[in-house]
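Numbering (this note's numbering), first residue to last: 2 to 234.
Set out below in structure tokens:
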């Protein structure tokens, strides 16, 4: 589904991604783990068109998307839930969801909003509430629901558990698994390596802009190197 081959990305003179290559197969949950500043979010921003690679290729469903505009990439079937949620605080929950469907021309939008409410019942309870007044967990649910409204085939999730209480983290990851089981492929960036590897099929470890290790989630969980660096043991 997605094949990234040798991309280099710069912030000015800073070489943020250095020859990064990853692959995501249809139906998988694949996770990117690494320390803060390793380049994980930069990779997602590049895949969603917010940044442009200087070198390398990005193939999505056998078509090049490297350097294409973000709105064009959304139309191909890729949605990005950014770090920090980024909901529209002065709009209601329902207005945020409607905005998530802005690239769509079909007549199923209201029906799909109801499906989002089935997935996230708390959003239905707060559908007329301003998004800026929601809790952090509720805002994360809204950010994910808004992304789903674009009907993505591939969902890019950046730090969905950041700042959330443990019980809410558990809920969010259960929903991530449900979204995947319902047919959406997921590329997940997550600081909580325990949780990420518990739901993912495969993973990549990124350090200082390079992929330094890859393998099945099970193998990465068993790796002494990964345990020491990211799993607290």
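C-beta atoms are modelled at their ideal positions from N, C-alpha and C, and glycine is treated no differently.
Please specify which runs of the alpha helix (DSSP H), each continuous and at least 4 residues long, are wholly inside the segment 19-85, giving them in chain order.
41-48, 71-77
Just tell me which of 59, 220, 93 has its CA closest to the CA of residue 202.
220
Check for me: the alpha helix (DSSP H) holding residue 213 runs from which residue to which?
First-last for residue 213: 211-217, but that is the beta strand (DSSP E), not the alpha helix (DSSP H).
Could you say if the segment 133-146 and the segment 106-122 meet the contact criterion of at least three C-beta pairs nearer than 8 Å?
yes
Measure the Cβ-Cβ separation of residue 32 and residue 135 and say whether it is below 8 Å.
no
Does DSSP put residue 103 in a helix, in a strand, or in coil?
coil
Own chain residues within Cβ distance below 6 Å of residue 178, not counting five before or after
200
Give me the residue from 138, 133, 180, 216 with the minimum Cα distance to residue 154.
180
Quick check: what's the CA-CA separation for residue 52 versus residue 46?
6 Å
Going by beta-carbon coordinates alone, are residue 83 and residue 159 separated by less than 8 Å?
yes
State yes or no: is the C-beta of residue 42 within less than 8 Å of the C-beta of residue 88?
no
Could you tell me the boundaries of the beta strand (DSSP E) in which residue 157 lies?
155-159
Mapping the DSSP letters down to three states, classify residue 189 as helix, strand or coil.
strand
Between 209, 193, 217, which lies nearest to residue 231 when the distance is taken from Cα to Cα?
193
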